[in-house]
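See structure below.
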Amino acid sequence: MDNAVGKILNVLRELDIDRGTITILTSDNGPYAEEGWNFAGRTGGLKGSKGQTYEGGIRMPAVARWPGHIPAGKTTDALVNTMDIFPTLLKFAGAEIPKDTQYIDGRDM
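Here this note's numbering runs 406 ahead of the position in the sequence shown, where the first position is 1.
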């Protein structure tokens, strides 16, 4: 995966569009452990796995890159959800979040 992401970032640089491109890498919820922990990812000591509401089943890593906007090495302990990505991207694009948020559960990060 590291190699594939590197290739994508290299193409963005070659096309000179990397500074205007937001790159977000994330995972789905928790490691799949039904086939045994020898075949699953790790939760870093958190209880639970995919399909469970324990922290190990819902916490996931995310990395965002946007040169000139997101400082390299910046970290946060803020609680966010993948549903928050859409409204955040709308704001970055200068679009308004629709007033009728019946179908938009996320919030601008």
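Cβ coordinates follow ideal geometry from the N, Cα and C atoms, glycine included.
Query                                                                               : Result
Range of the contiguous alpha helix (DSSP H) that encloses residue 496              : 491-498
Which residues DSSP lists as bridging residue 430, in chain order                   : 470
Proximity of residue 437 and residue 455 at Cβ, strictly below 7 Å                  : yes
Reduced DSSP category for residue 415 - H, G, I as helix; E, B as strand; rest coil : helix
DSSP-derived helix/strand/coil call for residue 464                                 : helix
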